[in-house]
Each structure stands twice: as structure tokens, then as C-alpha cells.
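Going left to right, the first sequence walks through residues 70 to 350 as my numbering numbers them. Glycine is no exception: its CB is placed at the ideal position from the N, C-alpha and C atoms. Shown next, in C-alpha cells, is the structure this report addresses.
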Amino acid sequence: MISPHIIAAPEFDLEKTLHSGQVFHWSAVGKGFAAAISEMPVYVEQEGPILRVDKAQAAMIARYFALDHRLPVIIDTFRKDPTMDQALRFSKGLRIIRQPLWECLATFLTSAVKQVQHIRAMSLAIRKRFGRKLMGTGFEVYSYPSPEVLAKAPIEAFLECRLGFRARNLLETAKIIASGEIDLEHLQGLPTEAVRAELCRLPGVGEKIANCVLLFAYERLDAVPIDVWIGRVLKEIYFANCSTVSMRELKAFSTEYFGCYAGYAQQYLFHHWRMTYRRRR
DNA sequence: ATCCAGGATAGCG
DNA sequence: CGCTATCATGGA
Numbered sequence: 070m071i072s073p074h075i076i077a078a079p080e081f082d083l084e085k086t087l088h089s090g091q092v093f094h095w096s097a098v099g100k101g102f103a104a105a106i107s108e109m110p111v112y113v114e115q116e117g118p119i120l121r122v123d124k125a126q127a128a129m130i131a132r133y134f135a136l137d138h139r140l141p142v143i144i145d146t147f148r149k150d151p152t153m154d155q156a157l158r159f160s161k162g163l164r165i166i167r168q169p170l171w172e173c174l175a176t177f178l179t180s181a182v183k184q185v186q187h188i189r190a191m192s193l194a195i196r197k198r199f200g201r202k203l204m205g206t207g208f209e210v211y212s213y214p215s216p217e218v219l220a221k222a223p224i225e226a227f228l229e230c231r232l233g234f235r236a237r238n239l240l241e242t243a244k245i246i247a248s249g250e251i252d253l254e255h256l257q258g259l260p261t262e263a264v265r266a267e268l269c270r271l272p273g274v275g276e277k278i279a280n281c282v283l284l285f286a287y288e289r290l291d292a293v294p295i296d297v298w299i300g301r302v303l304k305e306i307y308f309a310n311c312s313t314v315s316m317r318e319l320k321a322f323s324t325e326y327f328g329c330y331a332g333y334a335q336q337y338l339f340h341h342w343r344m345t346y347r348r349r350r
């Protein structure tokens with residue numbers, strides 16, 4: 070760090086937040102973690118309730134990690150039940166962060182039917198091949214390439230980054246964004262339903278991935294991505310004695326039952342179940 | 001070797 | 001509407 074600085078970060082767990090399946094490009098460096106935030110190389114380390122960061126980046130980092138979210142207020146809106154209580158205890162300090170729009174969209178576009186470690190590997194490969202190498206003090210990271218850069222890449226390059234059938238979706242989506250046909254920044258001002266509809270126009274983006282981008286980049290904390298893990302929790306716990314549950318029922322239940330911060334509730338359930346499922350079986 | 005992973009989509013009845 | 005096959009790759 071050029072100019073060491075301390076940020077108060079109560080009710081925050083950096084490692085848990087970075088390992089909760091919402092962001093895929095941070096790596097362990099020294100006692101902390103390093104990554105690019107947009108085009109800035111950033112290093113952060115946590116010691117109890119404080120973060121050590123570079124002074125010039127302090128405000129930007131506090132915003133990225135959503136240290137202004139009042140977790141006690143958010144948690145208080147949840148409907149309490151034994152499953153939610155367990156997930157809450159397990160996920161204490163996990164925050165839903167504010168990611169740059171394009172890299173969040175592009176990364177989740179490649180997340181379809183992939184384990185978290187694979188998503189990380191694809192993200193790193195794309196960053197190394199097309200992004201900028203950013204030199205920090207004692208570490209180096211890669212920024213996520215712009216839609217304009219990716220739009221000009223040959224599909225073979227994405228296949229070499231091991232994207233498989235996701236390669237075409239990333240390329241075609243990059244072309245649409247680069248052309249200006251859809252302006253991701255402009256969507257910020259629209260109602261959630263309108264943003265979701267626009268995102269779903271992109272190839273490879275359906276309701277689940279759109280909800281991930283709404284939750285992790287557009288700050289729509291009521292958006293609930295329903296993936297295989299959340300589907301499992303809902304079916305095994307909240308629809309325990311129903312033989313068949315339709316996707317439509319799951320969506321209706323999750324937004325109504327968990328309230329206006331359903332996205333946070335969902336993230337706690339996701340994290341807890343994903344990290345302990347094999348042990349519980 | 002078989003199954004599964006933070007899904008989307010075209011094609012079918 | 002809802003259901004299914006298919007898509008490409010690597011870890012469990």
C-alpha cells in the first residue's frame with residue numbers, strides 16, 4: 070500500500086463475502102486479497118472490524134463492499150425460521166457487493182451450469198488474454214476487458230478460455246453492448262422489471278442470470294436468482310411435503326416469503342447450503 | 001464411468 | 001403454458 074489507511078468495517082467478513090459465489094476474480098495475497106475493481110488494482114486485508122487499504126482508494130472500496138448496507142436492519146426484515154436462522158449464523162458478515170455492470174454481466178453469462186471454481190478459471194483466462202495487466206505494490210491483477218474488445222475477438226479465443234457453449238453467448242452479447250443497442254449504465258435509472266426485460270434480450274441471459282446481475286451490480290436487493298442450490302433449499306425445506314413444485318411457485322414463494330431484501334436472504338441460504346451440503350448428507 | 005455444476009433455448013404437445 | 005433434449009467442460 071502506498072499510503073496505508075484504515076476503514077471501519079463492522080458486520081463485515083471479507084473472506085466470506087469473496088467466497089460466496091457472487092464475485093469470481095479475487096485472489097489471496099499476503100494476509101489479504103487482491104483484484105481489479107474496474108481499472109484499479111486493489112489490495113484489501115481485514116483484521117477484526119477494520120480493513121487496511123490504500124488511502125486514495127478507501128471511499129471506492131467502502132462503496133464496492135457495500136459497507137453502508139445496514140445488515141441488522143436488513144436481517145430484521147427476514148421471516149425467521151430454523152433454516153434461515155442457521156444460514157444467518159453461518160453467513161454472518163457476508164455482504165452483497167456493488168460490482169461494475171459489464172464485468173458482472175459478462176462473468177455471470179459464463180456461469181451457466183458451471184462450478185464456482187470453473188467460473189473463476191474462465192474469468193481469469195479472459196482477463197489475462199484480453200484485459201489490462203495492472204501493477205499494484207507487490208502484486209498484479211487483470212482488469213475485465215470492455216465489450217468493444219471482446220466484440221472484436223474470434224470465437225476460437227473464447228473456446229481456448231474453456232467457455233464451451235457459453236463462448237457464442239459472450240461474443241454476441243459483447244457485440245450488442247458495444248454497438249450501443251443496449252446501454253447498461255442507462256438501465257440504472259429504470260424500474261427493476263424493465264432492467265430485467267432488457268437484460269433478458271441478450272443471448273444467454275435468462276431470468277436467473279438477469280437476477281444475478283440485478284442483485285450483484287444493479288443494487289436491486291429484492292432480486293432472487295433461483296439456481297440449483299436455491300431450488301434444493303426451497304424444495305427440501307419450504308415445500309417439504311409437496312411431490313412436485315413448479316418453477317413459477319418457487320419464484321412466487323421466494324419473493325413473497327423473504328421480503329424486500331429477498332436477494333440477501335437468498336444469498337445466505339445459497340452460501341450455507343453450498344458450503345455444507347455434502348457434509349449434511 | 002456416471003453424475004453434476006449459481007442455465008438458456010428451441011422444439012414439442 | 002409446461003416439459004425435454006441439447007449445448008461444452010471439468011471436478012466430484
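{"Query": "Residues near Ser192 by beta carbon distance below 6 Å, same chain, minus five either side", "Result": "Phe93, His94 and Thr176"}
{"Query": "Simplified DSSP state of Gly233, which is helix, strand or coil", "Result": "coil"}
{"Query": "When Leu239, Gln115, Arg265 and Trp171 are compared against Ile355, the one with the closest alpha-carbon", "Result": "An answer regarding residue 355 cannot be provided, because it is not within the stretch 70 to 350 covered by the chain."}
{"Query": "Beta-bridge partners of Lys100, as assigned by DSSP", "Result": "DSSP lists no partner for Lys100."}
{"Query": "Cβ-based neighbour list, Arg237, same chain, cut-off 7 Å, excluding 5 preceding and 5 following", "Result": "Ile224"}
{"Query": "Among Met70, Lys320, Asp291 and Ile246, the one whose alpha carbon lies nearest that of Gly101", "Result": "Met70"}
{"Query": "Helix, strand or coil at Ile71 [DSSP, three-state]", "Result": "coil"}
{"Query": "Distance between Leu240 and Ala222 (C-alpha atoms, nearest Å)", "Result": "8 Å"}
{"Query": "Euclidean distance between Cα positions of Ser248 and Ala181", "Result": "24 Å"}
{"Query": "Start and end residues, alpha helix (DSSP H) containing Val218", "Result": "Pro216 to Ala220"}
{"Query": "Coarse secondary structure for Arg121, derived from DSSP in three states", "Result": "strand"}
{"Query": "Inter-residue Cα distance where the pair is Asp291 and Gly332", "Result": "5 Å"}
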